[in-house]
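*Asks:* Mapping of the sequence shown onto this note's numbering: residues 251 to 687, in sequence order. For glycine and all other residues, C-beta sits at the position ideal for the given N, C-alpha and C.
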Amino acid sequence: MLKSVTYSKVVSSVFLLLCFYYILLVFSTDNNSGKGFWKEINDGWWNDDDINVSLEDSTKIQPIIGGLSGIKLLRYFNDNLDYLNKHIPKHFHPYNNNYNQGNTTNASSNKVVVSSYYDLFWKFILSNKLDTQSMIEVLTRDVDPLNSVHSHNDYWRALPLFDALLHGVNSVEADVWLVEDYDNTTLAVGHNNLYLNPEHKNLKKLYLDPMVYMLNEINHDNNVTYGMFYNSPETTTFLFIDFKSEDSVKTYNVLVESHLSTISRYLTYRRGTPSNDGTIENTIVWKPITIILTGNYPDLHGHEDEMLKPYIFFDIDFDDFTSKEAAIQILKEKRDAVLITSSSMSKLIASCYSNSEDYESYSGIRKLPFYPREMAHFEIRCIKNKINIAHEVNLETRIWGVPEWPIHIRNTLWKQQYNELNSNFLNTNDLDAIIAF
Numbered sequence: 251m252l253k254s255v256t257y258s259k260v261v262s263s264v265f266l267l268l269c270f271y272y273i274l275l276v277f278s279t280d281n282n283s284g285k286g287f288w289k290e291i292n293d294g295w296w297n298d299d300d301i302n303v304s305l306e307d308s309t310k311i312q313p314i315i316g317g318l319s320g321i322k323l324l325r326y327f328n329d330n331l332d333y334l335n336k337h338i339p340k341h342f343h344p345y346n347n348n349y350n351q352g353n354t355t356n357a358s359s360n361k362v363v364v365s366s367y368y369d370l371f372w373k374f375i376l377s378n379k380l381d382t383q384s385m386i387e388v389l390t391r392d393v394d395p396l397n398s399v400h401s402h403n404d405y406w407r408a409l410p411l412f413d414a415l416l417h418g419v420n421s422v423e424a425d426v427w428l429v430e431d432y433d434n435t436t437l438a439v440g441h442n443n444l445y446l447n448p449e450h451k452n453l454k455k456l457y458l459d460p461m462v463y464m465l466n467e468i469n470h471d472n473n474v475t476y477g478m479f480y481n482s483p484e485t486t487t488f489l490f491i492d493f494k495s496e497d498s499v500k501t502y503n504v505l506v507e508s509h510l511s512t513i514s515r516y517l518t519y520r521r522g523t524p525s526n527d528g529t530i531e532n533t534i535v536w537k538p539i540t541i542i543l544t545g546n547y548p549d550l551h552g553h554e555d556e557m558l559k560p561y562i563f564f565d566i567d568f569d570d571f572t573s574k575e576a577a578i579q580i581l582k583e584k585r586d587a588v589l590i591t592s593s594s595m596s597k598l599i600a601s602c603y604s605n606s607e608d609y610e611s612y613s614g615i616r617k618l619p620f621y622p623r624e625m626a627h628f629e630i631r632c633i634k635n636k637i638n639i640a641h642e643v644n645l646e647t648r649i650w651g652v653p654e655w656p657i658h659i660r661n662t663l664w665k666q667q668y669n670e671l672n673s674n675f676l677n678t679n680d681l682d683a684i685i686a687f
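1) Short of 6 Å in beta carbon distance, which residues of its chain neighbour D471, apart from the five on each side in sequence? Order them along the chain.
2) Which residue's Cα is closest to the Cα of K494: W536, W427 and E629?
3) Using a 10 Å radius around the Cβ and a threshold of 16 neighbouring Cβ atoms, would you call D413 buried or exposed?
4) Rounded C-beta distance between L543 and R585? I'm assuming under 8 Å.
5) Checking contacts by CB at 8 Å: is E507 closer than that to chain C?
6) Starting from S421, trace the beta strand (DSSP E) both ways and give me its first and last residue.
7) For M461 and K361, I'd like the C-alpha separation in whole angstroms.
8) On the CB-based measure, 16 or more other CB atoms within 10 Å of its CB, does R660 come out buried or exposed?
9) When DSSP labels each residue in this structure, what does R585 get in the three-state scheme?
10) Taking the CB atoms as reference points, tell me whether V419 and V388 lie closer together than 8 Å.
11) Ordered along the chain, which non-local residues of its own chain (more than five positions away) have a Cβ less than 6 Å from that of M625?
12) Around the Cβ of S421, are there at least 16 other Cβ atoms within 10 angstroms (buried) or fewer (exposed)?
13) Within 10 angstroms of its Cβ, does P395 collect 16 or more other Cβ (buried), or is it exposed?
14) Please report the Cβ distance between R520 and A587, rounded to the nearest whole angstrom; I am assuming they are in contact, meaning their Cβ atoms lie under 8 Å.
15) Give me the Cα-Cα distance between I539 and P656, rounded to the nearest whole angstrom.
16) For L458, collect the residues of the same chain with a Cβ closer than 7 Å to its Cβ; drop the 5 residues on either side in sequence, then sort them by chain order.
17) For Y603, count neighbouring C-beta atoms within 10 Å of its own C-beta (all shown protein chains included) and say buried if the count is 16 or more, exposed if not.
18) List the residues that DSSP assigns as beta-bridge partners of T436.
19) Bridge partners for F628 per DSSP, in chain order?
20) Under 7 Å Cβ to Cβ from L581, same chain only, skipping five residues before and after it: list those, please.
21) State the Cα-Cα distance for the pair A683 and N546, rounded to the nearest angstrom.
22) Taking 7 Å as the limit between beta carbons, can you name the residues of its chain near D680, skipping five residues before and five after?
23) Pairs of beta-carbons, one from the stretch 628–646 and one from the stretch 362–375, closer than 8 Å: are there three or more?
24) What first and last residue would you give for the beta strand (DSSP E) that runs through I566?
25) Pick out whichever of G320, V429, V535 and Y480 has its Cα sitting closest to the Cα of T501.
26) When we look at the beta-carbon of V439 and count the other beta-carbons within 10 Å, is it buried (16 or more) or exposed?
27) Once DSSP output is grouped into helix, strand and coil, what is the label at D300?
28) Can you give me the C-alpha to C-alpha distance between N672 and H417, rounded to a whole angstrom?
29) Could you tell me which residues DSSP puts in a beta bridge with V535?
30) Looking at the secondary structure, which residues open and close the beta strand (DSSP E) in which E507 lies?
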């Protein structure tokens, strides 16, 4: 009898344990309605407001991101890639190429637009924002634009343009190559023409399409245009387009005719006003996007006036500013279509030594790159003189090619540029470091 009772207790205990284990298994296993109770608790996804929201019943996965924006939103996305990839509805897809419509309904949910990672980020934002929200609000609601940072080689990032916006950076850069394939002409984006991917990485898909998609959401009045920072809608975003191809004139024509002409309402432009002496004075009308051509762009001096569109601006080298008069002459040749001037650190340093009688023995430095070190007092005085000239003719400055390693040297050079040279833009590849600077 005792053995029978003991046996019954053992069986009952085992049965209860199995039931308990089964309950845990049900709540902790992935299924169609979510990620699993315990896993959501541990990952911090569980929210009382989410209890009645399932992916089967809703086209939104919200309120998952809540009040996140900027780099917090980016970190959240990166920390939950596996879950998002499994559960974001497939019908959410990045923009198509229709600037005017700006909808996603015609895009194939299976076709990669840029990359799997990039496309997932778009789906993540689209599937989380409320119908009354714009992408700009979701991305930059709590982001203040820095206005003094340039995202160098921005196209190298996993999220071109978006990474910069989420960090508050309003100046980005894309290297473009003219790629002609039968009747299809594309401005591919990349550092080296051997590794271009024109179908997925081109100027439209990485920059112009997402910019216009976001701007179309918030600009319904043709008389007013708002930019890409929610808390600072008047702030423009500079898009530097670095010409790489030998045929710069054709690259320019393709850029203007096939890429920019249809979106001119969003582009900063020059408005000519006759002055009392009969000359034309240019007034800058700021818009959400400011186009700056740099690199191997064509010299339009002497070409027909219609070639130089009012929304095109040129990047020139302020190392050539030997005097204010010289700067004014250069601007006349560019028909005053200049807002920002750029020069390399190595060229500026070499120029300082080669133009100084006291340092004739250092003229050979012109052939050498600027090695990682802080600038000497003489170099600071020399470069600052040229920056002052640029400022006198109402131009902003940017120095590229500044060493970014070792870190302590990079930080010192940033301080010298910002505090001593008064250069307007810090050129960097490391956005996380610059916002912590």
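*Replies:* Reading it off the structure:
1) Excluding residues within five positions, none has a Cβ falling inside 6 Å.
2) Nearest Cα to K494 within the set W536, W427 and E629: W427.
3) Flag for D413 reads buried.
4) The pair is not a contact, with the Cβ atoms about 13 Å apart (cut-off 8 Å).
5) The structure shown has no chain C; it contains just one protein chain.
6) Secondary structure note for S421: its beta strand (DSSP E) is the uninterrupted segment S421 to D431.
7) Between M461 and K361, the C-alpha separation is close to 21 Å.
8) By the 10 Å Cβ count, R660 comes out buried.
9) Taken through DSSP and simplified to helix, strand or coil, R585 comes out as coil.
10) For the 8 Å CB-CB criterion, V419 and V388 do not form a contact.
11) Answer for M625: Q666, listed in chain order.
12) With 16 or more Cβ atoms within 10 Å of its Cβ, S421 is classed as buried.
13) Here P395 is buried, its C-beta having at least 16 other C-beta atoms within 10 Å.
14) Taking 8 Å as the upper bound for CB-CB distance, R520 and A587 are in contact here, some 7 Å apart.
15) Answer to the nearest angstrom: the Cα atoms are 34 Å apart.
16) Cβ within range, chain order: H509 and I513.
17) Taking all protein chains shown into account, Y603 has 16 or more neighbouring C-beta atoms within 10 Å of its C-beta and is therefore buried.
18) Listed as beta-bridge partners of T436 by DSSP are V429.
19) In the DSSP assignment, F628 is bridged to no other residue.
20) Excluding residues up to 5 positions away in sequence, V588 and V643 lie with their Cβ nearer than 7 Å to the Cβ of L581 in the same chain.
21) Rounded to the nearest angstrom, the gap between the Cα atoms of A683 and N546 is 30 Å.
22) The residues are E654.
23) No, because fewer than three Cβ pairs between the stretch 628–646 and the stretch 362–375 fall closer than 8 Å, the two stretches do not touch.
24) Run containing I566: I562 to I566, per the beta strand (DSSP E) assignment.
25) Considering only alpha carbons, the answer is V429.
26) Taking all protein chains shown into account, V439 has 16 or more neighbouring C-beta atoms within 10 Å of its C-beta and is therefore buried.
27) Note that D300 scores a pLDDT of 34, beneath 50, so its modelled location is shaky; the value from the coordinates is reported in the next line. In the displayed model, D300 falls within a helix according to three-state DSSP.
28) Going by the C-alpha atoms only, they are around 22 Å apart.
29) In the DSSP assignment, V535 is bridged to Y519.
30) Note, E507: premise wrong, no beta strand (DSSP E); not H, not E.
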